[in-house]
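Chemist: Here it is, the structure in full.
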Amino acid sequence: MKNIFVKLTFICLFAAPVSSMAIVELRASYGGLGSNQSLKDLCTNCTNSSNAPTIVPTTGFGADLIVKIPLVPVGIGARYEGMGLNLNSNGYEAELKFTRTALLLNYRLIDTIVHFGPIVSYGLSHTGNLLLKENGITRIDFTASKMTSYTAGLELTVKPLVVLPLIVGAEAGYMGFKWDETTNSIDSSKKNVDLSGYYMKVFLGLDI
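The sequence shown begins at 1 in the working numbering and counts up by one.
Below, the structure is given as structure tokens:
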């Protein structure tokens with residue numbers, strides 16, 4: 001009898017992952033990043049850089065694809081986000097745009113109809129451009145080529161209707177985001193741009 005129990009336990013443990021299907025989570029998001037970078041520190045060729053506007057939170061849309069490993073509260077996937085801002089203040093016009101594709105990993109401390117836990121990402125591919133005009137004259141035109149990024153935060157997702165695969169949620173944390181040795185095409189000067197700061201996003205998706 002003991003041998004039969006051991007055999008059945010062995011079969012259950014090793015057969016369950018094979019018969020279980022990994023759950024795929026698809027979600028669309030909208031969020032913002034509050035960067036600490038000052039434009040006046042970047043615009044050294046501006047006639048009155050003290051009037052350069054502060055970078056307000058960049059905002060934009062994104063998408064996540066997460067595969068949750070069967071029987072383990074861990075998910076791995078990919079994230080894409082495109083964000084930007086447009087400013088017009090004190091004779092200055094600023095436009096910032098960037099995209100980011102990242103590897104995504106999360107861990108569910110609570111994994112029921114409510115999901116809660118840490119989530120991290122590491123940037124794999126980026127694009128970025130920063131344009132600044134002073135009284136109609138272009139002073140900064142950065143196109144980044146050396147970019148690094150990561151995020152670390154907490155996420156909370158809820159299934160409001162258990163019978164439907166709909167999920168809603170939010171995520172908040174810190175993003176490290178740097179553009180190293182970025183060349184200004186106007187005067188060939190180089191600057192390090194640090195867009196790191198706290199971020200927050202809300203999302204809507206499907207758990208299928």
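Glycine residues also receive a C-beta, built at the ideal position from the N, C-alpha and C atoms.
Tell me, which residues are paired with residue 167 by DSSP?
Modeler: Your numbering for residue 167 matches position 167 in the sequence shown. 205.
Chemist: CB-CB under 6 angstroms to residue 183, same chain, minus the five flanking residues each way: which ones, in chain order?
Modeler: Counted from its first residue, the sequence shown places residue 183 at position 183. Only 190 meet the Cβ criterion.
Chemist: Measure the alpha-carbon distance for residue 207 versus residue 103 and round it to whole angstroms.
Modeler: In the sequence shown, the residue the question calls residue 207 occupies position 207. In the sequence shown, the residue the question calls residue 103 occupies position 103. Computed Cα separation, rounded: 19 angstroms.
Chemist: Can you check the stretch 150-201 for any beta strand (DSSP E) of at least 3 residues that lies completely inside it and give the ranges in chain order?
Modeler: Those beta strand (DSSP E) runs which fall completely within the stretch 150-201 and span 3+ residues are 166-183 and 190-194.
Chemist: What residues match up with residue 89 in a beta bridge as DSSP calls it?
Modeler: Your numbering for residue 89 matches position 89 in the sequence shown. Bridge partners of residue 89: 92.
Chemist: Check whether the stretch 22-38 and the stretch 198-207 are in contact - that is, three or more C-beta pairs closer than 8 angstroms.
Modeler: Yes, they touch.
Chemist: Excluding the 5 residues flanking residue 156 on each side, which residues of the same chain have their C-beta closer than 8 angstroms to its C-beta?
Modeler: Stepping through the sequence shown from its first residue, residue 156 is reached at position 156. Same-chain partners within the cutoff: 114, 115, 116, 169, 170 and 171.
Chemist: Considering residue 42, what are the terminal residues of the alpha helix (DSSP H) in which it resides?
Modeler: Here the question's residue 42 lines up with position 42 in the sequence shown. Taken as a continuous stretch (DSSP letters only), the alpha helix (DSSP H) holding residue 42 covers 39-42.
Chemist: Which of helix, strand or coil does DSSP assign to residue 145?
Modeler: Taking the sequence shown and counting its residues from 1, one reaches residue 145 at position 145. In the structure shown, residue 145 sits in coil (DSSP, three-state: anything other than H, G, I, E or B).
Chemist: May I have the straight-line CA-CA distance separating residue 126 from residue 174, to the nearest angstrom?
Modeler: The residue labelled residue 126 in the question sits at position 126 within the sequence shown. The residue labelled residue 174 in the question sits at position 174 within the sequence shown. One C-alpha to the other measures close to 18 angstroms.
Chemist: So the beta strand (DSSP E) residue 117 belongs to, where does it begin and stop?
Modeler: The sequence position of residue 117 within the sequence shown is 117, counting from 1. Note, residue 117: beta strand (DSSP E), 114-134.
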